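Protein chains in written order, with the working numbering: chain P, 1001 to 1376; chain B, 546 to 763.
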Amino acid sequence: MLRSWLYLGPLLFALSLPRGAYGQTLTAADTPNDHGKSITLSWTNPGPGTHVDQFNLFRSISSIGPFESTAVLKGEAHEYVDACEDLTNGTPYYYKIIARIESGDFEYPVAGPVVPEGQWFHTGKTVVLVFAVAFSFLVLLMIQRAREGRELYVRPIAGIDAVDEAIGRATEMGRPILFIPGISEASEVATIAAFTILGRVAQRTAEYQTRLVVPNVYATVMIIAQEVVKSAYLNAGRPDAYDEKDIFYVTSEQFPFTAAVNGLMLREKPATNFYLGKFYAESLILAETGFQAGSMQIAGTDELTQIPFFVAACDYTLMGEELYAASAYLSKDPLQLGTLKGQDIAKLIIVLVLLLGIIATTFGSDIVTKLLSIRL
Amino acid sequence: MALSVDPGVWLAAFLTLCIFSFLYKDNLFYRIAEHLVVGVSAGYWLVILIRQTLVPYFVIPLFRERNWNVIPGPLGLFLLVIAAFLGILIFTRFSTRYSWLARIPIAIIWGIGAGFVIPLSLQTKVIRQLQASIIDLKTVGTWDGFNSLLVVIGVLSGLTYFFFSKAHKGAVGSVAKVGIWTLMIGFGATFGFTAMARISLLIGRMDFLLRDWLGIIK
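Have a look at this one:
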């Protein structure tokens, strides 16, 4: 009984006031940093210490209604995001809430109009934009320097130096070279890097008249691979030696592709296998079969979980970014060399930010951590 | 449990054994299974692409609903037609005269891919990692703090290893050596972890053969 009075006291106080006079507020605002079709509602309690059983939320396109129910929430709730495809961007909406309390219903003043809209820029990701602009600027600057003819040093990478050796071996043995540009899409950075190395390998195979076999998982990758190899054969002055049928599509499924390439390795016995690009669970199966077939193997991927398998089963492995560096190192293309240099400077900046962050945090300041925070 | 009488289980068991026969050497049975799986998967992907991409994203909005819910109205339909036209351009590969047109949709795929991947990579692989690596040096006396310090040393030495503008000599070489050791330790752990996952795949296949097919285990 006493408990009921405890609840009723503040309630009677609240109900005795005009709607919203106690300060019960319902606010509705467009949800920021989204594609629209979403409105965020927040409200205060109907009265001091009032126990609410549930809140009923209603929406309308007019301030006088009719209102339709949108959600029923527990009494502890004080915020709700009304996100649904029924909401139309640019249309004004009105909301009201009815709080169900022990003695009856309490209706909040209508909130609105509020118009859901999509935002072009996500303010919570400003730091990503800053990094992207800074890195792009560095890359463009270094590309410009490379184009001006400045000498840009790239340290030797063991796997790259072995490329010519591997092609020479295939020529001496009179056996083909197998080149797998990963099992991912053409837009993948690792696949793009693989194309540059494929161009270099194809030019050498054209010069040495060695057969180059390129099985593909995606049709788009196959088309680009054909273009790359064709251009390389043209550059080498051997367009007649180019055989489009050697650059072929197998299937878009991972393990059927692996099964087909395994069979190919054992039947064709390629002297050299290149696995460059994006690889997943098939990496060890491919590399192990290649090892059994007695092929020299050069691998390179930026897929961290697969590098150990290539390290274990291949003669040379380009780890992570070495794959991109290999691409720049081999082509000597100012665009790629400049990009690599720009990335190196970006790494230096990252190291400096990290050290600065550690020093600041140690001395009790979280400024660097806050500057790096991303709100999703 | 008894020997299975389901023809589907028998076929699956036969194909499993065909693939396993590769462990001995390349043979006729492996080749049968290999060609079958390649053919079936290529056909399967074709159907998947038609049913999950072409029909819901092109045929239904353009011909049945006459409205694309991403961009409602005539503009959306026009964009759909443009997208379809770009897709058709891929088939110009079969023409020697117009094959260059196929480069247009491929260039668009590359552009969109790069635009999508770069901010995402910066967010997840650079900024978030960087933020998580910032530690309070006063905590290195605790185990958690010490572990965090190891992470920072790994990050700094790893980045030094992947610095291509300087030869790995002197101080840079020494730090890079720490980096490569860190990488190798990480790779070793990954190798072991993945090997365990592969063994569980093998167990799954053996379970199928012994339980579902032969009925030896319950």
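Using N, Cα and C, we set each Cβ at its ideal position, and we do this for glycine too.
Computed from a predicted structure; not experimentally measured.
Quiz prompt | Bridge-paired residues (DSSP) for P/V1072 | solution = P/N1056
Exercise. Measure from the alpha carbon of B/K714 to the alpha carbon of each residue in P/T1123, P/L1178, P/P1156 and P/M1173, then state which is nearest.
Key: P/P1156
Quiz item: Taking the C-alpha atoms as reference points, what is the distance between P/A1206 and B/M751?
Solution: 47 Å
Exercise. Jot down the residue ranges of each uninterrupted alpha helix (DSSP H) in the region 673-715 of chain B, minimum 4 residues, whole runs only, in chain order.
Key: 673-678 and 688-706
Self-check item: Spatial distance of P/N1045 from P/K1096 (CA atoms)
Solution: 14 Å
Quiz item: Using a beta-carbon distance below 9 Å, is B/L556 in contact with chain P?
Solution: no
Practice problem: Mind listing the chain B neighbours of P/T1341? Cutoff is C-beta to C-beta under 9 Å, in chain order. | Solution: Reading the sequence as shown, one finds Lys at residue 1341 of chain P and not Thr. Going along chain B in sequence order, the residues near P/K1341 (Cβ under 9 Å) are F709 and S710.
Quiz item: Can the beta-carbon of B/F709 be found closer than 9 Å to that of P/A1162?
Solution: no
Self-check item: Beta-bridge partners of P/D1082, as assigned by DSSP
Solution: P/I1039
Quiz prompt | Nearest candidate by alpha-carbon position, reference P/T1191, set P/E1321, P/R1238, P/D1053 and P/D1030 | solution = P/E1321
Exercise. Please determine, among P/W1120, P/P1048, P/G1338 and P/L1026, the residue with the shortest C-alpha to C-alpha distance to P/P1032.
Key: P/W1120
Quiz item: Taking any Cβ of chain B, which residues in the region 1109-1129 of chain P have a Cβ under 9 Å from it, in chain order?
Solution: K1125, V1127, V1128 and L1129
Practice problem: Look at the alpha carbon of P/P1301 and the alpha carbon of P/A1312, and state the distance between them as a whole number of angstroms. | Solution: The question names Pro, but residue 1301 of chain P in the sequence shown is Thr. The straight-line gap from Cα to Cα measures roughly 14 Å.
Quiz item: Can you list, in chain order, the residues of its chain whose CB lies under 6 Å from that of P/H1035, leaving out five sequence neighbours each side?
Solution: G1118
Self-check item: Minimum Cβ-Cβ distance from B/N614 to chain P less than 9 Å
Solution: yes
Quiz item: Which residues, in chain order, does the region 629-653 of chain B contribute to contact with chain P at a C-beta distance below 7 Å?
Solution: R638, A647 and I651
Practice problem: Apply the 10 Å Cβ neighbour rule to P/R1150 and answer buried if 16 or more other Cβ atoms are within range, or exposed otherwise. | Solution: exposed
Practice problem: Could you give the DSSP three-state label for P/D1105: helix, strand or coil? | Solution: strand
Self-check item: Inter-residue Cα distance where the pair is P/R1211 and P/G1174
Solution: 9 Å
Quiz item: Since P/I1307 meets chain B, which of its residues come closer than 7 Å, beta carbon to beta carbon?
Solution: F732
Exercise. Check each candidate in P/G1237, P/L1178, P/I1223 and P/Y1208 and name the one with the smallest Cα separation from B/W645.
Key: P/I1223
Practice problem: Determine the burial state of P/S1184: buried for a count of at least 16 other Cβ atoms within 10 Å of its Cβ, exposed for fewer. | Solution: buried
Quiz item: Cβ of P/T1263 within 9 Å of Cβ of B/D689?
Solution: The question names Thr, but residue 1263 of chain P in the sequence shown is Gly. No. Outside cutoff.
Quiz item: Is the region 639-654 of chain B close to the region 1164-1178 of chain P, with three or more CB pairs under 8 Å?
Solution: no
Quiz prompt | Alpha carbon of B/G749 to alpha carbon of B/A557, nearest angstrom | solution = 13 Å
Quiz item: With 9 Å set as the bound, which would you pick, yes or no: does the beta-carbon of P/Y1242 sit closer than that to a beta-carbon of chain B?
Solution: no
Self-check item: Minimum Cβ-Cβ distance from P/Y1275 to chain B less than 9 Å
Solution: no
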